[in-house]
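Presented below is the structure to which this report refers.
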Amino acid sequence: MNSNLYQIQNIFKRYGKKDILKDVSFSIPEKSIVGLVGLNGSGKTTLSSIVSGLKPCTSGDVLLNGKTAYKNIDEYKRTIGLCPQRTNLDNRFTVRENLINDAVFFGISDERININLKKVIKKFNLEKYLDFKPAALSGGYKQRVSIARALMHEASLIILDEPTLGLDPNTRKSLWDVVKNLKEEGCSVLITTHYMDEIEGLIDKLCILSKGKIFFDGTVDELKKNKNSDLDKIFNKLAEEECE
């Protein structure tokens, strides 16, 4: 496994008197795909928001290359590309404008913007859609544009929150191919999902959240060996325990 690029240390998140996340620690290695899996309500989206710098934690720390993100949160956010469950593309602007606006916001030079724009247009097959408003795109292409936008400001970690929710099987497969390519080009990827079967052959590392705590942190093979079972059975057993 590659060296740890992002480290999440002893994260707690409390809303009122309720602890949503409880002493959560895990790492995201460089040039790797990490699956963050859990049932609805397990804290996946809250945790991904904290890792992205979008929300603060109640206590704990997020480190990038061994340094706290909170010392310069704006600089940290520049390294992150967050693709939320519901894409937050701006429907006032075209796809092209959404891509360029992101890079401008993060202070990317005009020269780099032009280079990056050409790259993402080719990578995500966006030529036909550049002058469309995001509202006119299919769910799969909205996700593509959302990921492309993150690459416009040269993010080193792409966070995908339930990226295949509501997508048909063919579109899901196409999206996973895109994700695999991100790793090959040097990005790290954090995927939150509850579709264990989809990510099993894709991820380098698996973190399972249960009731706001880390239930497992390791490789898929390690999980199968430790639990002496396949992923679906493990996940179903976890679901039964959470309902008790």
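The working numbering numbers the first residue of the sequence shown as -8 and each following residue consecutively.
Glycine is no exception: its CB is placed at the ideal position from the N, C-alpha and C atoms.
All figures in this text were calculated on a predicted structure; none of them were measured in a lab.
7 Å Cβ cutoff met for residue i and residue j
{"i": "L148", "j": "I71", "result": "yes"}
{"i": "I205", "j": "S43", "result": "no"}
{"i": "V86", "j": "V136", "result": "yes"}
{"i": "G157", "j": "G131", "result": "no"}
Between the CA atoms of residue j and residue i - distance to the nearest angstrom
{"i": "K298", "j": "G209", "result": "The structure shown does not extend to residue 298, since the chain is modelled only from -8 through 235, so no value can be given for it."}
{"i": "L108", "j": "Y(-3)", "result": "27 Å"}
{"i": "N217", "j": "F97", "result": "44 Å"}
{"i": "I(-1)", "j": "P20", "result": "11 Å"}
{"i": "R140", "j": "K119", "result": "16 Å"}
{"i": "L197", "j": "I41", "result": "18 Å"}
{"i": "V170", "j": "R83", "result": "27 Å"}
{"i": "I11", "j": "T59", "result": "22 Å"}
{"i": "I2", "j": "F226", "result": "23 Å"}
{"i": "K202", "j": "G26", "result": "17 Å"}
{"i": "T78", "j": "I99", "result": "22 Å"}
Burial state of residue i (16 or more Cβ within 10 Å)
{"i": "S23", "result": "buried"}
{"i": "E176", "result": "exposed"}
{"i": "K46", "result": "exposed"}
{"i": "P154", "result": "buried"}
{"i": "K4", "result": "buried"}
Coil, strand or helix - residue i by DSSP
{"i": "Q(-2)", "result": "strand"}
{"i": "T85", "result": "coil"}
{"i": "T49", "result": "coil"}
{"i": "Y6", "result": "strand"}
{"i": "G72", "result": "strand"}
{"i": "S129", "result": "coil"}
{"i": "L27", "result": "strand"}
N- and C-terminal bounds of the beta strand (DSSP E) containing residue i
{"i": "K62", "result": "K62 -> no beta strand (DSSP E), and no H or E assigned at all."}
{"i": "L148", "result": "148 to 152"}
{"i": "T184", "result": "179 to 184"}
Where the alpha helix (DSSP H) containing residue i begins and where it ends
{"i": "P160", "result": "160 to 175"}
{"i": "K216", "result": "211 to 218"}
{"i": "I190", "result": "187 to 190"}
{"i": "K104", "result": "It is worth fixing the name first, because residue 104 is Ile in this sequence and not Lys. Unbroken alpha helix (DSSP H) run through I104: 101 to 114."}
is_contact[residue i, chain B] using C-beta, thresh 7 Å
{"i": "F17", "result": "Considering every chain present, this structure includes no chain B. It has just one protein chain."}
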